[in-house]
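> Chain order of the listed sequences is A and B. For any residue, its number in this note's numbering is found by taking its place in the first sequence, counting from 1, and adding 12. For any residue, its number in this note's numbering is found by taking its place in the second sequence, counting from 1, and adding 12. Don't be surprised by glycine CBs; every beta carbon is placed ideally from N, CA and C. If you're wondering where the values come from, they're calculated on a predicted model, not measured in any experiment.
There are 2 protein chains.
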Amino acid sequence: MNRPPPRSRPTIEDVAAASGVSVATVSRALRGLPNVALATRERVLAAAAELEYETDPQASRLASGRTMTVGLVAPLFGTWYADRVVTGAESILADAGLDLLVAPVRDVQTLGMFLDRARSFGRRVDGALLIDLYVDSSQSERLEAMGVPMVSVGEELGSAPSVTIDNVAAARTAATHLVELGHTRVGLIGGAHEGAILSPVPAHREQGWREALVGSGLSAGEDLVVDGGFTVEGGAAALADLLDGDHPPTAVFCMSDRMALGAMTEAWRRGLRVPGDLAVVGFDDDDLAAAFGITTMRQPVADLGVRAASMLVGLISGEDPAVGGTAPVELILRATTAPPARAAPGPAR
Amino acid sequence: MNRPPPRSRPTIEDVAAASGVSVATVSRALRGLPNVALATRERVLAAAAELEYETDPQASRLASGRTMTVGLVAPLFGTWYADRVVTGAESILADAGLDLLVAPVRDVQTLGMFLDRARSFGRRVDGALLIDLYVDSSQSERLEAMGVPMVSVGEELGSAPSVTIDNVAAARTAATHLVELGHTRVGLIGGAHEGAILSPVPAHREQGWREALVGSGLSAGEDLVVDGGFTVEGGAAALADLLDGDHPPTAVFCMSDRMALGAMTEAWRRGLRVPGDLAVVGFDDDDLAAAFGITTMRQPVADLGVRAASMLVGLISGEDPAVGGTAPVELILRATTAPPARAAPGPAR
DNA sequence: ATGAAAGCGCTAACAG
DNA sequence: CTGTTAGCGCTTTCAT
Numbered sequence: 013m014n015r016p017p018p019r020s021r022p023t024i025e026d027v028a029a030a031s032g033v034s035v036a037t038v039s040r041a042l043r044g045l046p047n048v049a050l051a052t053r054e055r056v057l058a059a060a061a062e063l064e065y066e067t068d069p070q071a072s073r074l075a076s077g078r079t080m081t082v083g084l085v086a087p088l089f090g091t092w093y094a095d096r097v098v099t100g101a102e103s104i105l106a107d108a109g110l111d112l113l114v115a116p117v118r119d120v121q122t123l124g125m126f127l128d129r130a131r132s133f134g135r136r137v138d139g140a141l142l143i144d145l146y147v148d149s150s151q152s153e154r155l156e157a158m159g160v161p162m163v164s165v166g167e168e169l170g171s172a173p174s175v176t177i178d179n180v181a182a183a184r185t186a187a188t189h190l191v192e193l194g195h196t197r198v199g200l201i202g203g204a205h206e207g208a209i210l211s212p213v214p215a216h217r218e219q220g221w222r223e224a225l226v227g228s229g230l231s232a233g234e235d236l237v238v239d240g241g242f243t244v245e246g247g248a249a250a251l252a253d254l255l256d257g258d259h260p261p262t263a264v265f266c267m268s269d270r271m272a273l274g275a276m277t278e279a280w281r282r283g284l285r286v287p288g289d290l291a292v293v294g295f296d297d298d299d300l301a302a303a304f305g306i307t308t309m310r311q312p313v314a315d316l317g318v319r320a321a322s323m324l325v326g327l328i329s330g331e332d333p334a335v336g337g338t339a340p341v342e343l344i345l346r347a348t349t350a351p352p353a354r355a356a357p358g359p360a361r
Numbered sequence: 013m014n015r016p017p018p019r020s021r022p023t024i025e026d027v028a029a030a031s032g033v034s035v036a037t038v039s040r041a042l043r044g045l046p047n048v049a050l051a052t053r054e055r056v057l058a059a060a061a062e063l064e065y066e067t068d069p070q071a072s073r074l075a076s077g078r079t080m081t082v083g084l085v086a087p088l089f090g091t092w093y094a095d096r097v098v099t100g101a102e103s104i105l106a107d108a109g110l111d112l113l114v115a116p117v118r119d120v121q122t123l124g125m126f127l128d129r130a131r132s133f134g135r136r137v138d139g140a141l142l143i144d145l146y147v148d149s150s151q152s153e154r155l156e157a158m159g160v161p162m163v164s165v166g167e168e169l170g171s172a173p174s175v176t177i178d179n180v181a182a183a184r185t186a187a188t189h190l191v192e193l194g195h196t197r198v199g200l201i202g203g204a205h206e207g208a209i210l211s212p213v214p215a216h217r218e219q220g221w222r223e224a225l226v227g228s229g230l231s232a233g234e235d236l237v238v239d240g241g242f243t244v245e246g247g248a249a250a251l252a253d254l255l256d257g258d259h260p261p262t263a264v265f266c267m268s269d270r271m272a273l274g275a276m277t278e279a280w281r282r283g284l285r286v287p288g289d290l291a292v293v294g295f296d297d298d299d300l301a302a303a304f305g306i307t308t309m310r311q312p313v314a315d316l317g318v319r320a321a322s323m324l325v326g327l328i329s330g331e332d333p334a335v336g337g338t339a340p341v342e343l344i345l346r347a348t349t350a351p352p353a354r355a356a357p358g359p360a361r
């Protein structure tokens, strides 16, 4: 009953012999290529099934030059953002029969190590997905050395098409929401970078915030801007700074939900009510935002992954060089924003 | 100045020609095998560098039968636990020159899909790391079909050696801490499973909790056990259930920090003080636990990854079948535990 | 210590 | 529609 496993794996020749055709035909039949008679194909399939034959990926790759693998260059482990993007991308890649080879890049150091082996990495993959990755022009060249199609998620990155959101507009929307509520002092809790890699995202969000305030004749001074390091604790410390200043804001826009949560805890600690005494808007719409009822900017992260992966699959199959796209961002109204408690204080003098 | 890239990549033959030796010697020299004269090796290395030669991984794999890749089967994207384990493992694998091929398995459905292609997956890797993966005996057989060495992280899993923590003991420690503080009604917020895959972990933690209570002559009744689904919101709802019961506890042990945080928010919402009116102990020691000062059980997650990866590397290189290990878990005292506010209420009657 | 030669298992022209 | 025949680029005996 329990026949022992075959001494060695069946090869394509075994299948050819069993089905009475040549190896070339077996190869075609198994890969679903045209120019194979229906009857022949079925015979081959049956023989392959009978023998439990499976194509050897290594041999196939050597002969065809395709690796059927895509590289994932990302701060994979640890950031909510990358997590979700990958989740979206993975389903598309799996459908296309593509394996996922990862290259974790968490900070400048690991980025440098990756760039050093970019060429070598490129030989193992047919294309690459770059998530949350930002490089300067000199690094860009080393990245290109990978020599395969790439798609970037998050921001523009060199010549690779990208799938992004409009961070300026999103931040403007967030800040405008607070202004329309009647707030005249709106703080900004951001960060120099996220994930320890220089990123243009914070600057864009700051610009959007500034546009909203200045456009309404309000101050967007440096005393309203604090670095929260994109962590819960950093957000708390940042709000403390803001509140200890000469003209504390009545509202803050935080570049991430985690920082928004941190800010809220600091507010509570001081006996302030949210949103009564302090209105808070976050960014991302992660699970904490939902759990704590944080008003936030929702970006369709998983969808970014889906789009990026689809584009990459297209590029790999030789389609026209795709152009990147911008995904919509949406303001999610929850329980942390309301008009200021008192009449808006007059401008600082 | 800007010489064009070589028409096609240099092969081992080019290096052989350039250094005046045979391809066999080049192969040996480049891989650092013995039996190569020092002078010869240097000549080969120089020629390879000059030509910018790099071994073709596909060809190498086909010829040697080794893939130099390890599979990572895990709910990769989204769980704090897997994130950290992978971070630890990745450094070890990189040092060993092993690529990381991922197979995301998030729930029963994706698990099923993975098991269906386990054999095929096994052909692409030399070994596999199984994180947060639990299978029943019938699935276990399909898993073994992978046919490569495996190491499991989290719990015992079939015949694979594993790197785990003692969940029973850890939970017992947590609950004992609350009992020693004087609490006599200690709730348990757990979950049927984590990550939507049947896991024995919750049962173990429940057992530890029960042992602590029963060992002290306290109740460990079912009315003290609630499912929090391992989410912040679930933790909040679970505490609400507990508090709405006939004999609400004065302390709760939560199987994750996220649920602990959820429980705390529910307590606050009801005007209860933590730890004054309700003591809370979490599990994991993730970033939220630190940010919110949650007393918790710290498991050395990254270290689990390091250990597991090291074991796997050993197995792949043909070392003796390693035995698994149990990593230490530590009670981290923070701000959410204190003796009960009032004299302990008498037992329910 | 080195070389010659036989594959690894499959794909891809090229014929027919 | 199918078969023949070269490779893909490297590793690995087996000699020497």
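1. Give the straight-line distance between the Cα atoms of Val27(B) and Thr37(B), rounded to the nearest whole angstrom.
2. Name the two residues that bound the continuous beta strand (DSSP E) containing Met276(B).
3. Spell out the partners DSSP gives Pro116(A) in its beta bridges.
4. Using a Cβ-Cβ distance under 8 Å, would Asn14(B) count as near chain A?
5. State the CB to CB distance for the pair Pro87(B) and Asp144(B), rounded to an integer number of angstroms; the pair is presumed to be in contact (CB under 8 Å).
6. To the nearest angstrom, report how far apart Pro287(A) and Thr349(A) are at their CA atoms.
7. Quick one: what does DSSP say Arg184(B) is sitting in, helix, strand or coil?
8. To which residues of the same chain is Val341(A) closer than 6 Å at the C-beta, ignoring the five residues directly before and after it?
9. Taking Cβ to Cβ, would you say Met267(B) is nearer than 8 Å to Arg217(B)?
10. Between the region 156-169 of chain A and the region 325-342 of chain A, do at least 3 Cβ pairs fall closer than 8 Å?
11. Any beta carbon from chain A within less than 8 Å of Leu74(B)'s own beta carbon?
12. Let's test the definition: count the other Cβ atoms within 10 Å of the Cβ of Glu102(A) and tell me whether it reaches 16, buried, or not, exposed.
13. Run through the DSSP bridge pairs and tell me what Thr79(B) is partnered with.
14. Can you list, in chain order, the residues of its chain whose CB lies under 6 Å from that of Thr23(B), leaving out five sequence neighbours each side?
15. Could you check what DSSP says for Arg96(B) in three-state terms: helix, strand or coil?
16. Report the rounded CA-to-CA distance for Met99(A) versus Asn47(B), giving the unit in angstroms.
17. 8 Å is my cut-off, CB to CB: does Ala355(A) come that close to chain B?
18. Using the Cα positions of Gly317(B) and Asp107(A), report the straight-line distance between them to the nearest angstrom.
19. Let me confirm a value: Ala353(B) is counted as buried when at least 16 other C-beta atoms fall within 10 Å, else exposed. Which label applies?
20. Whole angstroms are fine: how far does the CA of Pro116(B) sit from the CA of Thr122(B)?
21. Can you tell me whether Met323(A) is helix, strand or coil according to DSSP?
22. Quick check: what's the CA-CA separation for Pro261(A) versus Gly199(A)?
23. Is Gly274(B) close to chain A, meaning its C-beta is less than 8 Å from at least one C-beta of that chain?
24. Starting from Gln311(B), find everything on chain A with Cβ-Cβ shorter than 8 Å and list it in chain order.
25. From Ala302(B) to Asn179(B), what does the alpha carbon distance come to, in whole angstroms?
26. For the putative contact between Met158(A) and Arg131(A), defined by C-beta atoms under 8 Å, what is the C-beta separation to the nearest angstrom?
27. Would you list, in chain order, the members of the region 35-66 of chain A that have their beta-carbon closer than 9 Å to a beta-carbon of chain B?
28. If you draw a straight line from the alpha carbon of Ser152(A) to that of Asp138(A), how long is it in whole angstroms?
29. Apart from the five residues just before and just after Leu127(B), which ones in its own chain have a Cβ nearer than 7 Å to its Cβ?
30. At 7 Å on the CB atoms, spell out the chain A contacts of Pro116(B), in chain order.
31. Suppose only complete runs of 3+ residues qualify. What are the beta strand (DSSP E) ranges in the region 148-193 of chain A, listed by chain order?
32. Quick one: what's got a C-beta closer than 6 Å to Gln219(A)'s C-beta in the same chain, skipping five residues either side?
33. Tell me the DSSP secondary structure of Thr307(B) in three-state form.
34. Can you tell me whether DSSP reads Phe295(B) as helix, strand or coil?
35. Whose C-beta lies closer than 8 Å to the C-beta of Arg53(A) among residues of the same chain, with five residues either side of it excluded?
36. Determine the DSSP secondary structure at Thr338(A), reduced to helix, strand or coil.
Taking the geometry as given:
1. So the alpha carbons of these two residues sit roughly 10 Å apart.
2. That residue, Met276(B), is in no beta strand (DSSP E); its alpha helix (DSSP H) goes Asp269 to Arg281.
3. Answer is Ala86(A), bridged to Pro116(A).
4. Reliability fails at Asn14(B), whose pLDDT of 35 lies under 50, so the model's placement of it is uncertain and no value is given.
5. Yes, they are in contact, since the Cβ atoms of Pro87(B) and Asp144(B) sit about 6 Å apart, within 8 Å.
6. For Pro287(A) and Thr349(A), the gap between their C-alpha atoms comes out near 5 Å.
7. In the three-state reduction of the DSSP assignment, Arg184(B) falls in the helix class, which pools H, G and I.
8. Taken in chain order, the residues that qualify are Ile177, Ala182, Met309 and Gln311.
9. In this structure, the beta-carbon distance from Met267(B) to Arg217(B) falls below 8 Å.
10. Result yes; three or more Cβ-Cβ pairs closer than 8 Å.
11. Yes, Leu74(B) lies at the interface with chain A (some Cβ there is under 8 Å from its Cβ).
12. Glu102(A) should be labelled buried.
13. Bridge partners of Thr79(B): none, in fact.
14. Nothing listed; no residue qualifies.
15. Three-state result, Arg96(B): helix.
16. It should be noted that the sequence gives Thr, not Met, for residue 99(A). Those two C-alpha atoms are separated by around 48 Å.
17. Legend: pLDDT at Ala355(A) = 44, less than 50; position of this residue unreliable, no value from coordinates given.
18. Gly317(B) and Asp107(A) have their alpha carbons spaced roughly 29 Å apart.
19. Taking all protein chains in view, the Cβ of Ala353(B) is surrounded by fewer than 16 other Cβ atoms within 10 Å, so the residue is classified as exposed.
20. When rounded, the distance between both Cα atoms is 8 Å.
21. Judged by DSSP in its simplified three-state form, Met323(A) adopts helix.
22. As the crow flies, the alpha-carbon of Pro261(A) is around 6 Å from that of Gly199(A).
23. The beta carbon of Gly274(B) sits closer than 8 Å to some beta carbon of chain A.
24. Those do not exist, as Gln311(B) stays about 16 Å from chain A at its closest Cβ, beyond 8 Å.
25. Answer to the nearest angstrom: the Cα atoms are 21 Å apart.
26. Between Met158(A) and Arg131(A) a beta carbon distance of about 7 Å is seen, short of the 8 Å cut, so the two are scored as contacting.
27. Answer in chain order: Glu64 and Glu66.
28. If you take the alpha carbons of Ser152(A) and Asp138(A), they lie about 19 Å apart.
29. Contacts found: Gln151, Arg154 and Leu155.
30. In chain order, Glu102 make up the part of chain A whose C-beta sits under 7 Å from the C-beta of Pro116(B).
31. 162-166 and 174-177, all fully within the region 148-193 of chain A.
32. Taken in chain order, the residues that qualify are Val180.
33. DSSP places Thr307(B) in strand when its eight states are reduced to three.
34. Phe295(B): strand per DSSP, three-state reduction.
35. Ala41, listed in sequence order.
36. Thr338(A): strand per DSSP, three-state reduction.
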